[in-house]
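Engineer:
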Amino acid sequence: MKSGTLAMTVALGAMLILPWGVQAKDKKHDLSKGYQLSKKMCTKCHDSVANPEAGSKTRDEWHIIIDVMHKKFSHKMTGQEVETLIDYFYSIRKGSEKEAG
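Note that the numbering used here has the sequence shown beginning at 1, numbered continuously upward.
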């Protein structure tokens, strides 16, 4: 009976821990895709996207910036590519969401 309880505890623990590892791997992969996309799209006009003096921006602010840039310069991007860039820039620039109100 104790071995059944131990097996159940191990199984539940694995179910809780495993998704975090998968999410971390997916997040790293997403950042890699964002980096590659920024190299492809943004460094055509910008020397670098790693400006340490630029302030943090919200996801909404990044959406506006990316939307303006790709429309102004006729870069063809899918909605998923825009979202990937938003996630990438928000993550590397340590973005901060502002509270409503």
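C-beta atoms are modelled at their ideal positions from N, C-alpha and C, and glycine is treated no differently. Just so it is clear, the structure is predicted and the values come from calculations on it, not from any experiment.
Exposed or buried, what is K57 when buried is set at 16 or more other beta-carbons lying within 10 Å of its beta-carbon?
Structural biologist: Counting Cβ neighbours within 10 Å, K57 comes out buried, since at least 16 surround it.
Engineer: Go ahead and pull the three-state DSSP assignment for R59.
Structural biologist: Looking at R59 - three-state DSSP - the assignment turns out to be helix.
Engineer: Under a Cβ-count criterion, where at least 16 other Cβ atoms within 10 Å of its own Cβ denotes burial, should T43 be classed as buried or exposed?
Structural biologist: Exposed, since its Cβ has fewer than 16 Cβ neighbours within 10 Å.
Engineer: From M77 to D30, what distance separates their C-alpha atoms?
Structural biologist: M77 and D30: Cα-Cα distance of roughly 16 Å.
Engineer: CA-CA distance, K94 and K72?
Structural biologist: If I take the Cα positions, the gap works out to 26 Å.
Engineer: Can you check which of these residues, M69, W62, Q80, G79, is closest to I86 by C-alpha distance?
Structural biologist: The candidate whose alpha carbon is nearest that of I86 is W62.
Engineer: Buried or exposed for I64, going by 16 or more other Cβ atoms inside 10 Å?
Structural biologist: Result: exposed.
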